[in-house]
Structure formats: structure tokens, C-alpha cells
Amino acid sequence: GTPAAIIAWLNREIVAILHLPEVVERLSGQGAEALGSTPEEFAAYIKSESAKWAKVVRESGAKAE
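Each residue of the sequence shown is one higher than the last, beginning at 8 in our numbering.
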């Protein structure tokens, strides 16, 4: 239960940092790209990816050791 105002503030600060030229350059040098989405977009992405990879694991028959 983090308050919405705190989440919004953190998101603004993190997005600003991700757009700093030195951060963009460093991430790019490592083959990464920061997207800087909203908390809602990120939650939707995580939900989508979790469902996708859960299906892959299920269909592959992979088991945790």
C-alpha cells in the first residue's frame, strides 16, 4: 500500500533520471534501452509477460529442481 502520490513522485524522478544523457549512454553501451513508462503501463506489461512465460513453462513441461 504505497500512497499514489509517492508512486507518482517516484515515477517522475525515475523517468527523469532515465532520460539523462549519461544514463542513456551507459544503458545503450550495455545493449539496454530505458522506456520510462507509467506505473499502470508497467503493471500491464508485467501481467502480460507473466502470463506469456507461465504458458511457455507449462507447455514445455519444465519443472523446478
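Ideal placement from N, C-alpha and C gives every residue a C-beta, glycine not left out.
Opening and closing residue of the alpha helix (DSSP H) in which residue i lies
i, result
"Leu42", "Looking at the DSSP string, Leu42 is not in any alpha helix (DSSP H), and its letter there is neither H nor E."
"Gly36", "28-36"
"Ala23", "11-25"
Whole-angstrom distance between residue j and residue i, CA atom to CA atom
i, j, result
"Ala71", "Ala58", "18 Å"
"Gly68", "Phe49", "28 Å"
"Glu47", "Arg19", "13 Å"
"Leu17", "Gln37", "24 Å"
Checklist entry - Does the segment 27-37 come close enough to the segment 46-64 that 3 or more CB-CB pairs lie under 8 Å? => result no
Item to check | Touching by the beta-carbon criterion (3+ pairs, under 8 Å), the segment 9-25 and the segment 38-47 | outcome: Output reads yes: the segment 38-47 touches the segment 9-25.
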